[in-house]
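Okay, so here's the structure we're looking at.
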Amino acid sequence: MNGDVAGGSVGQTASADRQVDAPRSLLVVGDVPSGHGPACQALAERTETGHRVRGATTSGACADTDAWYADTGSGVFDDLSLSELGMALSDAVTNLDTNDRDGLHVCIDGLPDPAESADDELTLFRFVHAVTNRVQAADGSVHVHLPVDRDAALVATFEPLFDAVVELRERDDTLQARSSAWRSGAGRWVPASSL
Ligand SMILES: [Zn+2]
């Protein structure tokens, strides 16, 4: 039983709280393209992970972390269609299931904009739902990048699929982040490096 996840405003002792109950699925948002790379790496590093997997579609990634994942991770899947990426990630997780899965973190990037893509919003929703479920069923954690403002309609659509939304912004040349759990208030802004 790990019951006391719900409620509570994460914030006053952010680093301590994260150690206790780190969300296992995060939606990373913010119209700060240069910020997604550092945030991506910080999120992947904050858990003891034995396997790091990154996947991006042909729509273009916002986090420039392929090389880092290739060095530290179990796989980088790039320039795939949404359905191809779904299968590649599922296979990667399945392979870990049958061997060892001593820690798994997955990054999803380059989700197509449904307004400019053949993949409509329902298709995207199903993809994100399937991937986040698959990773968590394998005891892994996952984050998904969406380089748009926190109040964008697309964020509202996807937010229920995640434990929390991490919002990025730049202030005084510093990348900051704050997280908010589904239907609860946002925490304090903290340096993204301490994610
Ligand atoms: Zn990432």
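With the UniProt record's numbering applied, the sequence shown corresponds to residues 1 to 195, in that order. Quick reminder that beta carbons are idealized off the backbone N, C-alpha and C, glycines included. None of these values were measured; they are calculated from a predicted model.
Can residue i and residue j be called in contact, C-beta distance under 8 Å?
| i | j | result |
| --- | --- | --- |
| PRO23 | PRO147 | no |
| THR58 | GLY37 | no |
| TYR69 | ARG54 | yes |
| GLN176 | VAL165 | no |
| GLY75 | ARG150 | no |
| GLY35 | ALA192 | yes |
| ALA138 | VAL93 | yes |
Candidates the options: which alpha carbon is nearest residue i's?
| i | options | result |
| --- | --- | --- |
| ALA153 | PRO114, GLU84 and GLU170 | PRO114 |
| GLY50 | SER141, ASP91 and THR123 | SER141 |
| PHE158 | GLU170, VAL131 and GLY73 | VAL131 |
| LEU96 | LEU80, GLU170 and ARG134 | ARG134 |
| HIS145 | ASP109, LEU80, ASP173 and PRO160 | ASP109 |
Determine the burial state of residue i: buried for a count of at least 16 other Cβ atoms within 10 Å of its Cβ, exposed for fewer.
| i | result |
| --- | --- |
| ASP71 | exposed |
| ASP167 | The amino acid occupying residue 167 in the given sequence is Glu; Asp does not appear at that position. Its Cβ being crowded by 16 or more others within 10 Å, GLU167 is buried. |
| SER194 | exposed |
| HIS105 | buried |
| SER179 | buried |
| LEU122 | exposed |
With a cut-off of 8 Å on the beta carbons, I'd call residue i and residue j a contact; round off their distance for me.
| i | j | result |
| --- | --- | --- |
| LEU82 | ASP119 | 5 Å |
| SER25 | PHE162 | 5 Å |
| LEU80 | HIS143 | The pair is not a contact, with the Cβ atoms about 18 Å apart (cut-off 8 Å). |
| PHE77 | ALA61 | The pair is not a contact, with the Cβ atoms about 11 Å apart (cut-off 8 Å). |
Can you list the beta strand (DSSP E) stretches of 3 or more residues lying completely in the stretch 44 to 78, in chain order?
51 to 57, all fully within the stretch 44 to 78.
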